[in-house]
Amino acid sequence: MSQKIFEKGTKFEAEKMVEVQVGSVVSRTLIDHPTGTVTLFAFDKGQALSEHTAPYDALVQILNGKAEISLGGVPQLVAQGEWLIMPANVPHALKAVEAFKMALVMIRS
15 MSQKIFEKGT KFEAEKMVEV QVGSVVSRTL IDHPTGTVTL FAFDKGQALS EHTAPYDALV
75 QILNGKAEIS LGGVPQLVAQ GEWLIMPANV PHALKAVEAF KMALVMIRS
């Protein structure tokens, strides 16, 4: 990881805050408050998160690579620079079509 220290008030490159590891899904939480979280993820090609739901909307930004994100059983490709809002209580799943990194923002309300 090229950026080792995360300090509030200091700029950083989100993509460099988490690295893809072979055969793994890696996460790093940047903000964790009762009102919401911001988490970075790195998925190796072929890795996935099985279908689940969340009680709040979740905003995904693909930082690099490409993911297949299914919402309510309907898959769609989401690539670098694209964003997707996963609605609350709708089953969703993610799969790495190729290695990818993403930011996940969840605001609890």
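The numbers in this note's numbering rise by one with no breaks, and the one at position 73 of the sequence shown is 87. Built from N, CA and C at the ideal position, the CB exists for glycine as well.
With H, G and I counted as helix, E and B as strand and the rest as coil, what does DSSP make of Lys25? Translated into the one-based positions of the sequence shown, residue 25 becomes position 11. If DSSP states are grouped into helix, strand and coil, Lys25 belongs with coil.
Taking all protein chains shown into account, decide if Phe26 is buried (16 or more other Cβ within 10 angstroms of its Cβ) or exposed. Mapped onto the sequence shown, residue 26 falls at position 12. It counts as exposed.
Below 8 Å on the Cβ atoms is my contact criterion, and I expect Ile83 with Gln94 to pass it. Report the Cβ-Cβ distance as a whole number of Å. On the sequence shown, position 69 is the one that residue 83 refers to. On the sequence shown, position 80 is the one that residue 94 refers to. Actually they do not touch by this definition, with Cβ atoms about 14 Å apart.
Short Cβ contact (8 Å threshold) for Pro48 with Asp71: Taking the sequence shown and counting its residues from 1, one reaches residue 48 at position 34. Taking the sequence shown and counting its residues from 1, one reaches residue 71 at position 57. Taking the C-beta atoms as reference points, Asp71 is found no nearer than 8 Å to Pro48.
May I ask you to report which of helix, strand or coil DSSP gives Lys80? Locating residue 80 in the sequence shown gives position 66, where the first residue counts as 1. Strand.
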